Amino acid sequence: NAGVTQTPKFQVLKTGQSMTLQCAQDMNHNSMYWYRQDPGMGLRLIYYSASEGTTDKGEVPNGYNVSRLNKREFSLRLESAAPSQTSVYFCASSSTGGIQPQHFGDGTRLSIL
Amino acid sequence: QQQVKQSPQSLIVQKGGIPIINCAYENTAFDYFPWYQQFPGKGPALLIAIRPDVSEKKEGRFTISFNKSAKQFSLHIMDSQPGDSATYFCAARNSGGSNYKLTFGKGTLLTVNP
C-alpha cells in the first residue's frame, strides 16, 4: 500500500534548467495537490487538481506548471529553475468531498544553484 | 499577510506532560480547522480537524479546543510520549474560497524528552 509516491527524492539543478517532479497515488483519490515547504513558512499551495482533467492555481503558482495526466498522476514542472524555488515539494491527495489534503508523499528536496 | 498565527515556534516538554499549541486567526470566513503532524524527512499527516460549531474534539490523546469568539483554537496532547516529537501545523479553510485551499500556520516543533 504505497499511498502517495513522489520522484525524485532529491535533485540539484542549475539556474535556468528545467525539470518535472512526478507524483502518483494509488488510493483512487480525485483531488491532488502540490505544496512547497520553506523553513519558517509552513506549507504553501502551488497548484491543485480537484478532479481528473482540471487544474487550478494555488497561492504561489508563478514559475510552475502542472499536468494531471490521469486520475493517478499529477506532475509539477519547473520550466526555468530559479534559486528562489529551492524548497521541499510535497504532493498530496484527498478523496471525493475531502476538503483538505489527507495523504502526503515524503517530498522532493530540490536545490537550485 | 499571515492569516493563521501559530505559537509557540518550538516547545519542549517532559514525557507525560501536556503540550499545548495555539493558533489564532482574523478571517471570520474560516470554517474548518485541521491539524497536521510531520516527522523529520516525511510529509505531513492529517491528525485531527474541527469545525467552529464544536468547542472541543478528541481523538485518542489529541484534543482540539476551539474558541469561536476569540478566534482561537489549540491542540493539546495528553500524556505526551517521545514518539510525539514532531512538527505540528494548524490550518484553516476559507468558506468563501476554494474548497481545496488551506492557509497553514508556520508550525511548532515539539520535543518530548524521555
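Read top to bottom, the protein sequences are chains V and Z. Heads up: the first sequence begins at 9 in our numbering, then just goes up one per residue. Heads up: the second sequence begins at 630 in our numbering, then just goes up one per residue. Beta carbons: idealized from backbone N, C-alpha and C, even for Gly. Because the structure is a prediction, the values reported are computed rather than measured.
Could you please give the first and the last residue of the uninterrupted beta strand (DSSP E) stretch that includes residue i?
| i | result |
| --- | --- |
| residue 677 of chain Z | 674-679 |
| residue 18 of chain V | 18-21 |
| residue 29 of chain V | 27-33 |
| residue 51 of chain V | 50-57 |
| residue 121 of chain V | Residue 121 of chain V -> no beta strand (DSSP E), and no H or E assigned at all. |
| residue 84 of chain V | 82-86 |
| residue 46 of chain V | 39-46 |
| residue 68 of chain V | No beta strand (DSSP E) holds residue 68 of chain V; DSSP gives it neither H nor E. |
Mind listing the chain Z neighbours of residue i? Cutoff is C-beta to C-beta under 9 Å, in chain order.
| i | result |
| --- | --- |
| residue 112 of chain V | 665, 667, 671, 672, 673, 674 and 675 |
| residue 98 of chain V | 672 and 673 |
| residue 48 of chain V | 638, 735 and 736 |
| residue 115 of chain V | 670, 671 and 672 |
Based on Cα-Cα distance, which residue from the options lies nearest to residue i?
| i | options | result |
| --- | --- | --- |
| residue 661 of chain Z | Z:645, Z:718 and Z:682 | Z:682 |
| residue 715 of chain Z | Z:658, Z:740 and Z:663 | Z:740 |
| residue 29 of chain V | V:121, V:111 and V:97 | V:97 |
| residue 72 of chain V | V:78, V:63 and V:79 | V:63 |
| residue 76 of chain V | V:90, V:101 and V:89 | V:101 |
| residue 90 of chain V | V:55, V:82 and V:20 | V:20 |
| residue 60 of chain V | V:68, V:49 and V:40 | V:40 |
| residue 38 of chain V | V:95, V:114, V:78 and V:83 | V:78 |
I want to verify the contact list: residues of chain V whose CB lies under 8 Å from the CB of residue i, in sequence order.
| i | result |
| --- | --- |
| residue 730 of chain Z | 53, 56, 66 and 67 |
| residue 718 of chain Z | 50 and 51 |
With 9 Å as the threshold, decide whether the Cβ of residue i is near any Cβ in chain B.
| i | result |
| --- | --- |
| residue 92 of chain V | The chain labelled as chain B is not found among the protein chains of the depicted structure, namely V and Z. |
Scan the region 32-44 of chain V for residues whose Cβ lies nearer than 9 Å to a Cβ of chain Z and list them as they occur along the chain. Against chain Z - using a Cβ distance shorter than 9 Å - the residues of the region 32-44 of chain V are 39, 41 and 43.
Compile a chain-ordered list of the residues in the region 81-94 of chain V whose CB is closer than 8 Å to at least one CB of chain Z. Cβ contacts with chain Z: none found.
What residues in the region 638-654 of chain Z have a beta carbon less than 9 Å from any beta carbon of chain V? Within the region 638-654 of chain Z, the qualifying residues are 638.
Write down every uninterrupted run of the beta strand (DSSP E) in the region 637-699 of chain Z whose length is 3 residues or greater and which is fully enclosed by it, in chain order. As far as the region 637-699 of chain Z is concerned, its whole beta strand (DSSP E) runs of at least 3 residues are 639-643, 649-654, 659-667, 674-679, 685-688 and 691-696.
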